[in-house]
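In this note's numbering, the protein residues as written are 20 to 135.
Each residue gets a CB set at the ideal place from its N, CA and C atoms; glycine is no exception.
Here is the structure we will look at.
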């Protein structure tokens, strides 16, 4: 969730700070600060002295994988008639628990279906 949010914000904003992540997720800044410390310890982000957050190569790779899952799952749910806001909320939950195999099967099915 945090890595994906940093990725999305980095496409919208010139720099990303903890307060931007907190505002986007509607979380307390203290909670985000703890999460950023954990992500730094895992080498998934770096932070400058000014508080700017950057994804490491590993962090970007994870964020892109999660974001792809989110977009594909939300698209499938919307195609099934789920309202966009609900599809996005559900995709947020599903993207973190779906196995790689199940996700790849969904992507393959969508690709085959769109070819018809």
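Beta carbon of residue i nearer than 8 Å to that of residue j
i, j, result
"residue 81", "residue 114", "no"
"residue 36", "residue 70", "yes"
"residue 48", "residue 41", "yes"
"residue 21", "residue 74", "no"
"residue 43", "residue 26", "no"
"residue 101", "residue 129", "no"
Among the options, the one whose alpha carbon lies nearest that of residue i
i, options, result
"residue 111", "62, 124 and 96", "96"
"residue 126", "107, 93 and 108", "93"
"residue 107", "87, 121, 123 and 131", "87"
"residue 45", "24, 102, 121 and 76", "24"
"residue 122", "62, 105 and 89", "89"
Buried/exposed call for residue i, threshold 16 Cβ in 10 Å
i, result
"residue 119", "exposed"
"residue 68", "exposed"
"residue 116", "exposed"
"residue 72", "buried"
"residue 64", "buried"
Local conformation of residue i per DSSP, three classes
i, result
"residue 44", "helix"
"residue 84", "helix"
"residue 65", "strand"
"residue 22", "helix"
"residue 28", "helix"
"residue 125", "helix"
"residue 91", "helix"
"residue 99", "coil"
Same chain, Cβ closer than 6 Å to residue i, five either side skipped, listed in chain order
i, result
"residue 51", "37, 40 and 41"
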